[in-house]
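**Student:**
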Amino acid sequence: MTLIHPWECVFDENSKILILGSFPSPKSREYGFYYGHPQNIFWKTLARTLKQDEPANDIVSKKAFLLQNRIALWDVLHSCKIEGAADSTIKSPIANDFSYILKNSKIKAIFTTGKKASVLFEKLCAKNIGFDSIYLPSTSPANCAQQKNEKFLKEWRKIREFL
């Protein structure tokens, strides 16, 4: 069964960077917002990267946190077939259309979280929109081992250069 991305991009005219995952996990879709799996450390990592407190665990607070920090958030894919949360099972990927966001914001850099998001972006989007992506290691619970080393946060700190 083909799944359609359930949410719009979070951004405004002041957004300077765009962070893209691949496609929302079942837990995120159940929660109703990006990175909703309780063991995903996206929000914690972003807060540490920005040297701020983590936003409250509600959608309104998370959206406000993103916009206050001039960050846009979406996913590479508009639709795909996927088994559970395993990016490795993605089939029939269709990319989101980034033209409206890019025309109506100040995006200077696009970051992709995880290897699959990076591969999908480069394959489906980069040439069309004139941006390459900057890789960020995944905050998914499946990437726990890598998240414990200093290189993980060093990679995430790249976003500060563009804010």
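Each position in the sequence shown, counted from 1, maps to that position plus 627 in my numbering. All C-beta atoms in this analysis are idealised placements derived from N, C-alpha and C, irrespective of residue type, glycine included. These numbers come from a predicted model, not from an experiment.
#1: Since Gly663 contacts Gly741 with CB under 8 Å, what's their CB separation in whole angstroms?
#2: For Thr701, which beta-bridge partners are listed by DSSP?
#3: Express the C-alpha separation of Ser767 and Phe779 in angstroms, rounding to a whole number.
#4: Measure the alpha-carbon distance for Ala683 versus Phe669 and round it to whole angstroms.
#5: Considering Thr739, what are the terminal residues of the beta strand (DSSP E) in which it resides?
#6: Where does Ile668 fall in DSSP's three states?
#7: The beta strand (DSSP E) with Ala691 in it runs from where to where?
#8: Would you report the Cα separation of Lys718 and Phe758, rounded to the nearest angstrom?
#9: Please name the residue or residues paired with Leu630 in a DSSP beta bridge.
#10: If Asp724 sits next to Pro651, beta carbons under 8 Å apart, how far is it from one beta carbon to the other, in whole angstroms?
#11: So Lys733 and Lys643 are in contact, right, with Cβ under 8 Å, and what is the actual spacing, rounded?
#12: If I follow the unbroken alpha helix (DSSP H) through Lys678, where does it start and stop?
#13: Reducing DSSP to helix, strand and coil, say where Ser765 ends up.
#14: In three-state terms, what does DSSP make of Ile786?
#15: Under 8 Å between the Cβ atoms of Phe692 and Lys735?
#16: Skipping 5 residues on each side, what residues in its chain have a beta carbon closer than 6 Å to that of Lys689?
#17: Mind checking Arg787: buried by the 16 CB within 10 Å criterion, or exposed?
**Tutor:** Looking at the atomic coordinates:
#1: With 8 Å as the limit, Gly663 and Gly741 do not qualify as a contact, their Cβ atoms being about 16 Å apart.
#2: Note on identity: in this sequence residue 701 is Trp, with Thr being the wrong assignment. Answer is Leu647, bridged to Trp701.
#3: 12 Å
#4: 13 Å
#5: Ala736 to Thr740
#6: coil
#7: Taken as a continuous stretch (DSSP letters only), Ala691 belongs to no beta strand (DSSP E), being part of the alpha helix (DSSP H) at Ile686 to Gln695.
#8: 24 Å
#9: Cys707
#10: With 8 Å as the limit, Asp724 and Pro651 do not qualify as a contact, their Cβ atoms being about 17 Å apart.
#11: 5 Å
#12: It is not in any alpha helix (DSSP H) - Lys678 carries neither H nor E in the DSSP assignment.
#13: coil
#14: helix
#15: no
#16: Pro682
#17: exposed
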